[in-house]
Amino acid sequence: MATRRRRRICAWHDQQAVPETIWRLGRPDQLNNTRTAETSAITPDGFTGRYVHWGIRELA
Numbered sequence: 034m035a036t037r038r039r040r041r042i043c044a045w046h047d048q049q050a051v052p053e054t055i056w057r058l059g060r061p062d063q064l065n066n067t068r069t070a071e072t073s074a075i076t077p078d079g080f081t082g083r084y085v086h087w088g089i090r091e092l093a
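In my numbering, the protein residues as written are 34 to 93.
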């Protein structure tokens, strides 16, 4: 099983165990696809989501 898939499965189980958890994408190279289907994004219009998009991209 691929590492990203394992992370996604672990994130899903963690999310089910601790619903108050807020997920974030801090290092795109290591944390891609860790957002689960039940996780909605936090937006400027509504803070009811549980996933933060930092919007920072490093370009070489």
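C-beta: ideal position from N, C-alpha, C; glycine also.
Quantities reported herein were computed from a predicted structural model and do not represent experimental measurements.
Got a sec? Which residues, its chain only, sit under 8 Å from residue i by beta carbon, not counting five neighbours each side?
i: S73; result: T81, G82, R83 and Y84
i: D78; result: none
Do you know whose CA, among the options, lies nearest residue i's CA?
i: P52; options: D78, T76 and E71; result: E71
Please classify residue i: does DSSP put it in a helix, a strand, or coil?
i: T72; result: coil
i: Q63; result: Note that Q63 scores 48 on pLDDT, short of 50, meaning its location in the model is unreliable and no value can be drawn from it.
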